[in-house]
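Some notes on the structure that comes next.
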């Protein structure tokens, strides 16, 4: 299926009907927000010279970058959330039977594919209480520089989500449908923290998102 959004052509898989009027309602706002988020990420990359792919970073520099990353990631998730709420999915199909186990003598080569980059987490992880023994076992972290690799991977995944919002929104739309079908409560969207530390445009986007997401979830309990 092909849907025109202004000058943009979206190619959607068959069986995923879309209401263009709903998608265009906030599309300009979402696109501007994602553009502002990408500029904020670029600042963080330049601040730590991550484009040079360093092996290590000082702890203080990594902490500043992670703080910026977390702020932008929350905003990007909310922008994609707003886009996902506009997607009307076709009725769920019955689950197919599980794939049969491999026959004896057949080699499984999937382990040889190597490590994958993973995916940007669109939904927050459920919080579970941590046993006190874990905190005691962790102890003090060693002093000195820290590895830059994990932060670089996070930045890459965030940029991929920013540049491919429609694909991520479709994936999130299926997750939201499962939540609603199970009768889970409507997500709470609170105000973004630290807006004053962001670029002016991105700070404005962060402040408006809760006001837009609230009305967009008015029909949360309607699973028809």
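Numbering (the working numbering), first residue to last: 1 to 224. Beta carbons: idealized from backbone N, C-alpha and C, even for Gly.
Distance CB(residue 40)-CB(residue 209) smaller than 8 Å: The sequence position of residue 40 within the chain shown is 40, counting from 1. The sequence position of residue 209 within the chain shown is 209, counting from 1. No, these two residues do not count as a Cβ contact at 8 Å.
Taking just the CA atoms, how far does residue 34 sit from residue 163? For the purposes of this step, residue 163 is identified with residue 163 of the chain shown, where counting begins at 1. For the purposes of this step, residue 34 is identified with residue 34 of the chain shown, where counting begins at 1. Their Cα atoms are separated by approximately 8 Å.
Is the stretch 73-81 touching the stretch 51-59, taking contact as three or more C-beta pairs under 8 Å? Verdict: no, contact absent.
Whose C-beta lies closer than 6 Å to the C-beta of residue 206 among residues of the same chain, with five residues either side of it excluded? Locating residue 206 in the chain shown gives position 206, where the first residue counts as 1. If we look at residue 206 and ignore the five residues flanking it on each side, its Cβ neighbours are 75, 192 and 195.
Between the C-alpha atoms of residue 57 and residue 67, what's the straight-line distance to the nearest angstrom? Start at 1 with the first residue of the chain shown, and residue 57 comes out as number 57. Start at 1 with the first residue of the chain shown, and residue 67 comes out as number 67. For residue 57 and residue 67, the distance between alpha carbons rounds to 15 Å.
For residue 57, which residues does DSSP report across the bridge? One-based indexing of the chain shown puts residue 57 at position 57. BP columns for residue 57 point to 146.
Mind checking whether residue 168 and residue 122 have CB atoms under 8 Å apart? Locating residue 168 in the chain shown gives position 168, counting from the first residue. Locating residue 122 in the chain shown gives position 122, counting from the first residue. Yes; because the gap between Cβ atoms is below 8 Å, this pair is in contact.
Report the rounded CA-to-CA distance for residue 42 versus residue 188, giving the unit in angstroms. On the chain shown, residue 42 is found 42 positions in, with the first residue counted as 1. On the chain shown, residue 188 is found 188 positions in, with the first residue counted as 1. Looking at the two C-alpha atoms, the distance is approximately 29 Å.
Applying the 10 Å Cβ sphere with the 16-neighbour rule, what's the burial state of residue 185? The residue given as residue 185 occupies position 185 in the chain shown. The Cβ neighbour count for residue 185, taken over all protein chains shown within 10 Å, is under 16; the residue is labelled exposed.
Taking only the alpha-carbon atoms, compute the straight-line gap between residue 217 and residue 174 and give it to the nearest angstrom. By one-based count along the chain shown, residue 217 stands at place 217. By one-based count along the chain shown, residue 174 stands at place 174. Rounded to the nearest angstrom, the two C-alpha atoms are 15 Å apart.
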